[in-house]
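Trainee:
Have a look at this one:
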């Protein structure tokens, strides 16, 4: 009866709290070890104190108080003072000993006993929000800035609450928040046996969509800068040598005088069945876009090369359009409440692999269908996307092909389209590291190092084509990429590189295009186009940055 009464006492301890015994102490070899044991819902925690010098410790366990037949659980270091027995069975009493060794031999602590309790299940929390007096079983709400929102999760009684974020605080179950921007409130519910449940509430405050035509917005966007070789890198953000983008970098870009950041993105490596984009990747892209917003930059998000699946052929037209629609539906829905400082660009340099010539009717027809799919898909998601400014491209972003073959998609939103081109003329000077061409324009002194075409008059004429064909018709143009590489071995002062960037930036800007410089990250080796130290945000090419910014004013 005595033993059974002890067992009942231990079981009562499971219901009302952790079970523990007083310390079991014993001495030997000049040392004393005192052991205690505490049962929790998930394990039994052992702790001990040591006085004197010991050289080793071992943990033993048994299901009765007789040390004969006990089993060793673990050998631990002489400096250890705790051990967790996660293998104990719930509801069964256990006895524990510490065997310790000194210079005089091996000895045992006194016994300590405890019982592992029954696991404590977390309480199911049901989220509720109230807007304008109407309660909804939901963890999200879309409200205008300054609208009060009541957060009232249930259960209505029992346990305790702790809140943070979105202006919430304290321990009251119901919280009234008045957000001025999109935010998340998080509450932690702790029930009577100590289990916790976390519930997040997302309150979305739609960004402002001003009554601006795309042409009006374009006049606020120059100059621009590319976060190149980063979010479009495959297989991950840092795979092409750049560190992860930070708020400090975006702040530095803004402080340098840039007004727009183009954020190339690859999506497919993060997409599963039915092109379903990983929530973690969507969250990361959103984080970088928010960096741009926080810095006061206009942001442009696109589907970049993405592995090259966007081939403009009749054979692949249907499958590509299906994939475009699937990806853009998700992207647009994710950003549907962002304001008009976020633009979407549907494609990037669409072409048939290896074919840089004049496009066939097939190529341009299919490319134009990609643009239409993009616009129709984004508009269908509603919210701010119904009037968001969208960017489409001509074949391979080539100015001549765009002027001659691009057709603007049908758009239910009036005056909300941009056209995009890229400019790297002449290629041997701007990008070809194997070329001997390293001088450019009217300041060139060596004919053998200078191209005979694509000089200042050529650039002026190319940009005039875009002005006449699109800008003068109310469709602004983004020059989404342009750059001339560093050739330090032949032009250490960067005389010609600086002159080209100044001339091209100024001509594009004066013709009404929005110049967006291509920065691939690397700043100081032959072939690099980087302007900023991507890790710190420091200006790696301050003179060139100043040249580009000043040429856009």
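Numbering (the working numbering), first residue to last: 157 to 709.
Every residue, glycine too, gets a C-beta built ideally from N, C-alpha and C.
With DSSP as the reference, please indicate the residues paired to residue 506 in a beta bridge.
Mentor: Here residue 506 corresponds to residue number 350 of the chain shown, with the count starting at 1. Bridge partners of residue 506: none, in fact.
Trainee: Contact check, residue 230 vs residue 215 under 8 Å by CB: the rounded distance?
Mentor: In the chain shown, the residue the question calls residue 230 occupies position 74. In the chain shown, the residue the question calls residue 215 occupies position 59. Indeed they touch by this definition, with Cβ atoms about 5 Å apart.
Trainee: Roughly how many angstroms separate the alpha carbons of residue 170 and residue 250, rounded to a whole number?
Mentor: Here the question's residue 170 lines up with position 14 in the chain shown. Here the question's residue 250 lines up with position 94 in the chain shown. The predicted position of residue 170 is uncertain, since its pLDDT is 34 and thus under 50; a value taken from the coordinates is nonetheless stated next. Taking the straight line from one Cα to the other gives about 14 Å.
Trainee: Which residue marks the beginning of the beta strand (DSSP E) containing residue 230, and which one marks its end?
Mentor: Start at 1 with the first residue of the chain shown, and residue 230 comes out as number 74. Element bounds for residue 230: 227 to 232.
Trainee: Three or more beta-carbon pairs under 8 Å between the region 235 to 254 and the region 180 to 199, yes or no?
Mentor: Yes, the region 235 to 254 touches the region 180 to 199.
Trainee: Apart from the five residues just before and just after residue 211, which ones in its own chain have a Cβ nearer than 8 Å to its Cβ?
Mentor: What you label residue 211 is simply residue 55 of the chain shown in a count that begins at 1. Cβ neighbours of residue 211 beyond the five flanking positions: 234, 257, 258 and 259.
Trainee: Put residue 189 into one of helix, strand or coil per three-state DSSP.
Mentor: Numbered from its first residue, the chain shown carries residue 189 at position 33. Reduced to three states, the DSSP call for residue 189 is strand.
Trainee: So, under 8 Å CB-CB, residue 333 and residue 307 are touching, yes? Tell me the CB distance rounded to an integer number of Å.
Mentor: Working through the chain shown from its first residue, we reach residue 333 at position 177. Working through the chain shown from its first residue, we reach residue 307 at position 151. With 8 Å as the limit, residue 333 and residue 307 qualify as a contact, their Cβ atoms being about 7 Å apart.
Trainee: Who are the Cβ neighbours of residue 238 in its own chain at under 8 Å, not counting the five residues just before and after it?
Mentor: Here residue 238 refers to the residue found at position 82 when the chain shown is read from its first residue. Result list for residue 238: 201, 202, 203 and 204, in chain order.
Trainee: State the DSSP-derived secondary structure class of residue 635, mapped to helix, strand or coil.
Mentor: Counting from 1 along the chain shown, the entry for residue 635 is found at position 479. Of the three classes helix, strand and coil, the one that applies to residue 635 here is strand, per DSSP.
Trainee: Which word fits residue 599, buried or exposed, when buried means at least 16 other C-beta atoms lie within 10 angstroms of its C-beta?
Mentor: Position 443 of the chain shown, counting from 1, holds the residue named residue 599. Residue 599 comes out exposed.
Trainee: Given residue 400, which residues of its chain have a CB within under 7 Å of its CB, disregarding the five upstream and five downstream residues?
Mentor: Mapped onto the chain shown, residue 400 falls at position 244. Closer than 7 Å at Cβ, skipping near neighbours: 393 and 394.
Trainee: Can you tell me whether residue 462 is buried or exposed? The criterion is at least 16 other CB atoms within 10 Å of its CB, across all chains shown.
Mentor: Within the chain shown, the letter at position 306 stands for residue 462. A buried status is given to residue 462, since no fewer than 16 other beta-carbon atoms sit within 10 Å of its beta-carbon.
Trainee: Report all residues from its chain with a CB closer than 7 Å to the CB of residue 161; omit the five preceding and five following residues, and keep chain order.
Mentor: Locating residue 161 in the chain shown gives position 5, counting from the first residue. Low confidence applies to residue 161: its pLDDT is 32, below 50, so where it sits in the model is not reliable enough to give any reading.
Trainee: Between the Cα of residue 340 and those of 453, 323, 352 and 348, spot the shortest distance and give me the residue it belongs to.
Mentor: Taking the chain shown and counting its residues from 1, the one referred to as residue 340 is at position 184. The option with the nearest alpha carbon to residue 340 is 323.
Trainee: Counting only the same chain and skipping the five closest in sequence on each side, list residues whose C-beta sits under 8 Å from that of residue 315.
Mentor: Taking the chain shown and counting its residues from 1, the one referred to as residue 315 is at position 159. Once the five neighbours on either side are set aside, the close Cβ partners of residue 315 are 279, 345, 346, 347 and 348.
Trainee: Mapping DSSP to helix, strand and coil, what is residue 641?
Mentor: To locate residue 641, count along the chain shown from 1; it is residue 485. Per DSSP, reduced to three states, the secondary structure at residue 641 is coil, with no helix or strand assignment.
Trainee: Cβ atoms of residue 441 and residue 388: under 7 Å apart, would you say?
Mentor: The count along the chain shown starts at 1 and reaches residue 388 at position 232. The count along the chain shown starts at 1 and reaches residue 441 at position 285. No, the pair does not count as a contact, with Cβ atoms beyond the cut-off.
Trainee: Closer than 8 Å by C-beta to residue 507: which residues in its own chain qualify, once you throw out the five before and the five after it? Chain order, please.
Mentor: Against the chain shown, residue 507 aligns to sequence position 351. Closer than 8 Å at Cβ, skipping near neighbours: 468, 515, 519, 551 and 552.
Trainee: My output table needs one value for residue 418: the three-state DSSP class, helix, strand or coil.
Mentor: Looking up residue 418 in the chain shown gives position 262. Three-state result, residue 418: strand.
Trainee: Determine the direct distance from the alpha carbon of residue 522 to that of residue 672, and round the result to whole angstroms.
Mentor: As a working mapping, residue 672 is identified with position 516 in the chain shown. As a working mapping, residue 522 is identified with position 366 in the chain shown. Near 26 Å, if we compare the C-alpha coordinates of residue 522 and residue 672.
Trainee: Can you name the start and end residues of the beta strand (DSSP E) that residue 260 belongs to?
Mentor: Sequence index remark: in the chain shown, residue 260 carries index 104 (1-based). It is not in any beta strand (DSSP E) - residue 260 carries neither H nor E in the DSSP assignment.
Trainee: For residue 696 versus residue 689, is the C-beta distance shorter than 7 Å?
Mentor: Residue numbering aside, residue 696 sits at position 540 when the chain shown is read from its first letter. Residue numbering aside, residue 689 sits at position 533 when the chain shown is read from its first letter. Yes; because the gap between Cβ atoms is below 7 Å, this pair is in contact.
Trainee: From residue 302 to residue 363, what does the alpha carbon distance come to, in whole angstroms?
Mentor: If you number the chain shown from 1, residue 302 lands on position 146. If you number the chain shown from 1, residue 363 lands on position 207. Taking C-alpha positions only, residue 302 is separated from residue 363 by approximately 13 Å.
Trainee: Can you give the Cα-Cα distance for residue 670 and residue 335, rounded to whole angstroms?
Mentor: Along the chain shown, one-based indexing puts residue 670 at 514. Along the chain shown, one-based indexing puts residue 335 at 179. If you take the alpha carbons of residue 670 and residue 335, they lie about 34 Å apart.
Trainee: Considering only their Cβ atoms, is the gap separating residue 398 from residue 386 smaller than 7 Å?
Mentor: For the purposes of this step, residue 386 is identified with residue 230 of the chain shown, where counting begins at 1. For the purposes of this step, residue 398 is identified with residue 242 of the chain shown, where counting begins at 1. Taking the C-beta atoms as reference points, residue 398 is found nearer than 7 Å to residue 386.
Trainee: Work out the CA separation of residue 624 and residue 476 for me, nearest whole Å.
Mentor: Counting from one through the chain shown, the residue named residue 476 turns up at place 320. Counting from one through the chain shown, the residue named residue 624 turns up at place 468. Going by the C-alpha atoms only, they are around 31 Å apart.
Trainee: Just the Cα atoms here: how many angstroms apart are residue 455 and residue 503?
Mentor: Residue numbering aside, residue 455 sits at position 299 when the chain shown is read from its first letter. Residue numbering aside, residue 503 sits at position 347 when the chain shown is read from its first letter. In a straight line, the C-alpha of residue 455 is about 15 Å away from that of residue 503.
Trainee: Have a look at the DSSP bridge pairing and note the partners of residue 218.
Mentor: The residue labelled residue 218 in the question sits at position 62 within the chain shown. For residue 218, which the question treats as bridged, DSSP gives the partners 251.
Trainee: Can you tell me which of 435, 409, 458 and 464 puts its alpha carbon nearest to the alpha carbon of residue 448?
Mentor: For the purposes of this step, residue 448 is taken as residue 292 along the chain shown, with counting starting at 1. Of the residues 435, 409, 458 and 464, the one whose Cα lies closest to the Cα of residue 448 is 409.
Trainee: Rounded to whole angstroms, what is the Cα-Cα separation between residue 724 and residue 584?
Mentor: Not covered by the structure: residue 724. The range shown for the chain is 157 to 709.
Trainee: In angstroms, rounded to a whole number, what distance separates the CA positions of residue 295 and residue 404?
Mentor: Taking the first residue of the chain shown as 1, we reach residue 295 at position 139. Taking the first residue of the chain shown as 1, we reach residue 404 at position 248. Cα-Cα distance, rounded: 32 Å.
Trainee: Tell me which residues share the same chain as residue 298 and place their Cβ nearer than 6 Å to its Cβ, disregarding the 5 neighbours each side in the sequence.
Mentor: For the purposes of this step, residue 298 is taken as the residue at position 142 of the chain shown. The residues are 360.
Trainee: Am I right that residue 525 and residue 473 are in contact with their C-beta atoms under 8 Å? What's the rounded C-beta distance?
Mentor: What you label residue 525 is simply residue 369 of the chain shown in a count that begins at 1. What you label residue 473 is simply residue 317 of the chain shown in a count that begins at 1. With 8 Å as the limit, residue 525 and residue 473 qualify as a contact, their Cβ atoms being about 6 Å apart.
Trainee: Please classify residue 509: is it buried, with 16 or more other beta-carbons within 10 angstroms of its beta-carbon, or exposed?
Mentor: One-based indexing of the chain shown puts residue 509 at position 353. Residue 509 should be labelled exposed.
Trainee: Under a CB-based cut-off of 7 Å, is residue 450 close to chain C?
Mentor: Absent from the structure: chain C. Only one protein chain is present.
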